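Residue numbers (this note's numbering): 1024 to 1292. Virtual Cβ for every residue (Gly too), placed ideally from N, Cα, C. All values derive from a computational prediction rather than experimental measurement.
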């Protein structure tokens, strides 16, 4: 259902437009007007006006029977990454890490109880789950999620994990509260996290936190491998030291970027 605002400045039309965009997904890349209305809980006339507006803006296309998103929707996510400067800072470091490990490396940030991938350098290997920019997984069973969850205060952690995942994936690891807290305490103490087929069969990874200039954890960076190809011993003994070094370098560069004065140049008349 469309989200309801909590204040007088809430713009319901904008919220409904975003609901329509996010209704599309891997299992429904194209939908009819009736399907869009059903997926969003909107009345058909409202859904139609939103779709026509998005079509005029270039975010949706139609063949007369159904509607589908256009690549222009990627501009919304790219604007976020560019505004952070994270990808420009991280890319050369991730590329060097991939060259030294021959494994895919990624950066993800928390979004509710999920992680969302914001940067990635991949190697052509077959893995059980497809990952790309914007991919969403439950945070707790991932190494990228663990290093960020471990940095949260207890009350905030409980509030975050109380939110339902929007990934559509049911992880293999379903810990109770005591097991969860013990795992995150260990991550917090050692400064990195391991996931060994807790998300899905064959997926093994190790992650480190990324910090800004104030020391706040803002993301996680990982090395991801196939469990049949890379042992836990190799992941921890060879890949982990390189990962920790890379995380420190990215964090230092991001802190330097954050200290650069941002000057706004007025447009010429």
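Residue i and residue j: beta carbons closer than 8 angstroms?
i: residue 1206; j: residue 1198; result: yes
i: residue 1243; j: residue 1230; result: yes
i: residue 1227; j: residue 1219; result: yes
i: residue 1082; j: residue 1054; result: no
i: residue 1172; j: residue 1180; result: yes
i: residue 1188; j: residue 1161; result: yes
i: residue 1233; j: residue 1270; result: yes
i: residue 1071; j: residue 1092; result: no
i: residue 1046; j: residue 1062; result: yes
i: residue 1183; j: residue 1136; result: yes
i: residue 1043; j: residue 1075; result: no
i: residue 1215; j: residue 1170; result: yes
i: residue 1120; j: residue 1266; result: yes
i: residue 1113; j: residue 1138; result: no
i: residue 1225; j: residue 1201; result: no
i: residue 1369; j: residue 1126; result: For residue 1369 there is no data in the structure shown, the boundaries of the chain being 1024 and 1292.
i: residue 1248; j: residue 1258; result: yes
i: residue 1191; j: residue 1100; result: no
i: residue 1240; j: residue 1174; result: yes
i: residue 1073; j: residue 1030; result: no
i: residue 1221; j: residue 1196; result: yes
i: residue 1116; j: residue 1272; result: yes
i: residue 1128; j: residue 1246; result: yes
Name the DSSP bridge partner or partners of residue i?
i: residue 1014; result: Limits of the chain in this structure are 1024 at one end and 1292 at the other, which puts residue 1014 out of reach.
i: residue 1219; result: 1227
i: residue 1232; result: 1243
i: residue 1053; result: 1091
Taking all protein chains shown into account, decide if residue i is buried (16 or more other Cβ within 10 angstroms of its Cβ) or exposed.
i: residue 1050; result: exposed
i: residue 1124; result: buried
i: residue 1237; result: exposed
i: residue 1143; result: buried
i: residue 1059; result: buried
i: residue 1032; result: exposed
i: residue 1133; result: buried
i: residue 1068; result: exposed
i: residue 1274; result: buried
Following the continuous beta strand (DSSP E) through residue i, name the residue where it begins and the one where it ends.
i: residue 1156; result: It is not in any beta strand (DSSP E) - residue 1156 carries neither H nor E in the DSSP assignment.
i: residue 1240; result: 1240 to 1249
i: residue 1095; result: Segment: none, residue 1095 is in no beta strand (DSSP E) and carries neither H nor E.
i: residue 1085; result: 1083 to 1085
Could you spell out where the alpha helix (DSSP H) holding residue i opens and where it closes?
i: residue 1075; result: 1067 to 1080
i: residue 1045; result: 1035 to 1046
i: residue 1056; result: 1056 to 1063
Notebook entry, point to check: Taking the runs of the beta strand (DSSP E) that are 3 residues or longer, which of them lie wholly in the stretch 1115 to 1199?
Noted result: 1127 to 1134, 1137 to 1144 and 1159 to 1161
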